[in-house]
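Below: one structure, written as structure tokens.
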Ligand SMILES: [Zn+2]
């Protein structure tokens, strides 16, 4: 199975019409869960908020939406016309996506995640009011980190077009950058050759390199 470094790569691997549906899903979920972070998990575009929030994926005949079994049970009446299983909903690819329903289900999952997280010992609320689970590999608020990283991190060293190239590719951290080869980075629209030494130096400082 081909693996994708980020959601953009995943989306771009599909035909144009499917790409549009995937972007609709992504934007709808982003709006319904603005504090969630994007990732790729189990080979699928994923939104995380103190754990997995929802996943989605494209298939030949449907878009799959995975809001956990609880997200399906809670909306079973509204989902009657769709094929569902314990953890998955199928939206036919030749019909309009029920984006209002995706919004409702995602918001339900946000509420559920928060309630669940509050019961955990490592539940924290940062000074900016974001809820998060403190973990040993990430002791700080991930939302605050996400918001400030482009300003203080390696991305701030780059010229604006190169910065936008990385942002458009969903690259926000050095470990994400290290998953790409030099050729792949240079292929990003707006990335100039003069940015390479800056990125190499930033990677090296963290003990990382571009993918060989
Ligand atoms: Zn915060």
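In this note's numbering, the protein residues as written are 561 to 772.
Backbone N, C-alpha and C define an ideal beta-carbon position, used for all residues, glycine too.
The model shown is predicted, which means the values in this text are computed figures rather than measured ones.
Report yes if the CB atom of residue i is closer than 9 Å to the CB atom of residue j, and no otherwise.
i	j	result
residue 650	residue 622	yes
residue 720	residue 670	no
residue 691	residue 684	yes
residue 729	residue 769	no
residue 567	residue 619	no
residue 668	residue 635	yes
residue 647	residue 629	yes
residue 734	residue 766	yes
residue 588	residue 659	yes
residue 565	residue 679	no
residue 600	residue 644	no
residue 605	residue 666	no
residue 572	residue 595	no
Give me whichever residues DSSP pairs with residue i in a beta bridge.
i	result
residue 722	None; residue 722 has no bridge partner.
residue 612	608
residue 586	The partner list for residue 586 (beta bridge, DSSP) is empty, contrary to what the question assumes.
residue 692	684
residue 771	741
residue 597	608
residue 617	624
residue 698	695
Decide if the segment 693-704 is in contact with the segment 737-747; the criterion is three or more beta carbon pairs, one per stretch, under 8 Å apart. Judged by pairs of C-beta atoms under 8 Å, the segment 693-704 does not touch the segment 737-747, as fewer than three such pairs exist.
Every unbroken alpha helix (DSSP H) within the segment 622-669, with a cutoff of 4 residues, ordered by chain: Within the segment 622-669, the complete alpha helix (DSSP H) segments at least 4 residues long are 628-633, listed from N- to C-terminus.
Any heavy atom of ligand 1 nearer than 5 Å to the CB - residues listed: Cβ-based neighbours of ligand 1 within the cut-off: 686, 688, 690, 701, 703, 704.
Pair every Cβ in the segment 748-765 with every Cβ in the segment 724-735, then say whether three or more of these pairs are closer than 8 Å. Because the criterion of three Cβ pairs below 8 Å is met, the segment 748-765 and the segment 724-735 touch.
Stretch pair the segment 616-632 + the segment 579-588: three plus CB contacts closer than 8 Å: Contact between the segment 616-632 and the segment 579-588 is present, because at least three Cβ pairs lie under 8 Å.
Three or more C-beta pairs below 8 Å linking the segment 753-767 and the segment 570-580: The segment 570-580 and the segment 753-767 do not touch, with fewer than three beta-carbon pairs separated by less than 8 Å.
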